[in-house]
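Undergrad:
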Amino acid sequence: MRVILISGLSGSGKSIALKSLEDLGFFCVDNLPLELLPHLVMWYQSKSDTKHLAICLDMRAGMSQEHFLPMLEAIKKSVRQFDVLYLEAKTEILLNRFSETRRRHPLTHDNCTLAEALKYEREWLYPLREHAHVVDTSALSTPKLRQYITAWVNLPKSNLQIVFQSFGFKYGIPSDADFVLDVRSLPNPHYEASLRALTGKDEPVAIYFKANPVVQDMINDITAYLNKWLPRIEQENRSYVTVAIGCTGGQHRSVYIVEQLALSFKAASKNEVLIRHRQL
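Taking the numbering used here, the leading residue of the sequence shown gets 274, the next gets one more, and so forth.
1. Between which residues of its own chain and Leu534 is the CB-CB distance below 6 Å, once the five residues before and five after are set aside?
2. For a quick check, are the C-beta atoms of Asp331 and Asn304 less than 8 Å apart?
3. Would you say Ser372 touches the ligand HEM, meaning its beta carbon is less than 7 Å from a heavy atom?
4. Which stretch, first to last residue, makes up the beta strand (DSSP E) that contains Ile258?
5. At 3 residues or longer, what runs of the beta strand (DSSP E) sit wholly inside the segment 300-353?
6. Does the beta-carbon of Ser448 have 16 or more other beta-carbons within 10 angstroms, so that it is buried, or is it exposed?
7. Could you give the DSSP three-state label for Ala517: helix, strand or coil?
8. Could I get the ranges of all uninterrupted alpha helix (DSSP H) runs contained in the segment 413-470, with 4 residues as the minimum, in chain order?
9. Compare the C-alpha of Arg526 against each of Lys350, Leu345, Ser319 and Ser458 and name the closest.
10. Hey, is the segment 500-517 in contact with the segment 467-477, meaning 3+ C-beta pairs nearer than 8 Å?
11. Grab me the residues of Gly284's own chain with a C-beta within less than 6 Å of its C-beta, minus the 5 sequence neighbours each way, in chain order.
12. Report the CB separation of His404 from Val357 in whole angstroms; it is logged as a contact under 8 Å.
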């Protein structure tokens, strides 16, 4: 049986993630008390018709840092595949989401503001974050988050999953990135009127980049760097790594580089490869 545990910050999209997994055929349980987690997994393992189980936990589950991580390790050993999906977002984004929905954070009260509740929640959940697949939903719409989770779930498990993500520096660096690489020194199609409205996924932009040898030099250098250091990360039993490639606006250069790197690593490596374009 495959078990996915969803957790993370309130307002980050946990309900969307759980609904996405339900649509993919997972049996889903929300707001389960923590002490019932091992019993629930054991019970569903005894049912031959249940192959996929997703459980959403938040601070109200009564998480004890002392007992929670050992409990997860025990569950991991008892099932075929166990993943922890941790969703987060920038504080200002979460504040805006709560303002728009008018929903109450579960930790707020007369002496605790929303910002204080989010800060406390982030600090409390940090040990779990260290053992999870982290997704920053700050720039993800509901459809894009659902698409990402669908792609992530449908991939077969392997030693290391590589996420190549393009982004624009003017919108901030992705907080879930393991590597951040700057390609703003490359020629910029933005200054070509015929290419300005296109993206790095369009053929005219690709032709533009292929005509500039320095672009391929950058791809070769990044590839060599990753080929050297990704095996070291894999040796640390990491299940995923996020490589963020940034240009000014996240539309041309970073998108093209990500597409080329993903194509190369899909062809030359045993690892699963995901593509995420934050600004598109």
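All C-beta atoms, glycine included, are put in the ideal place defined by N, C-alpha and C.
TA: Looking at the coordinates:
1. Residue mapping note: residue 534 aligns to position 261 of the sequence shown, counting from 1. Hits under 6 Å: Phe437.
2. Counting from 1 along the sequence shown, the entry for residue 331 is found at position 58. Counting from 1 along the sequence shown, the entry for residue 304 is found at position 31. A contact, by the Cβ cut-off of 8 Å.
3. Summarising the ligand content, the structure contains no ligands, and the ligand HEM is consequently not present.
4. In the structure as shown, the chain starts at 274 and stops at 553, and residue 258 therefore has no counterpart that could be examined.
5. Listed in chain order, they are 300-303 and 325-329.
6. Here residue 448 refers to the residue found at position 175 when the sequence shown is read from its first residue. It counts as exposed.
7. Locating residue 517 in the sequence shown gives position 244, counting from the first residue. It is a strand residue.
8. The qualifying runs are 415-427.
9. Taking the first residue of the sequence shown as position 1, residue 526 is located at position 253. Of Lys350, Leu345, Ser319 and Ser458, the residue nearest in Cα terms is Ser458.
10. They do not touch, by the three-pair rule.
11. Within the sequence shown, residue 284 is the residue found at index 11, counting from 1. If we look at Gly284 and ignore the five residues flanking it on each side, its Cβ neighbours are Leu367, Arg370 and Phe371.
12. Within the sequence shown, numbered from 1, the residue matching residue 404 stands at position 131. Within the sequence shown, numbered from 1, the residue matching residue 357 stands at position 84. The pair is a contact, with the Cβ atoms about 6 Å apart (cut-off 8 Å).
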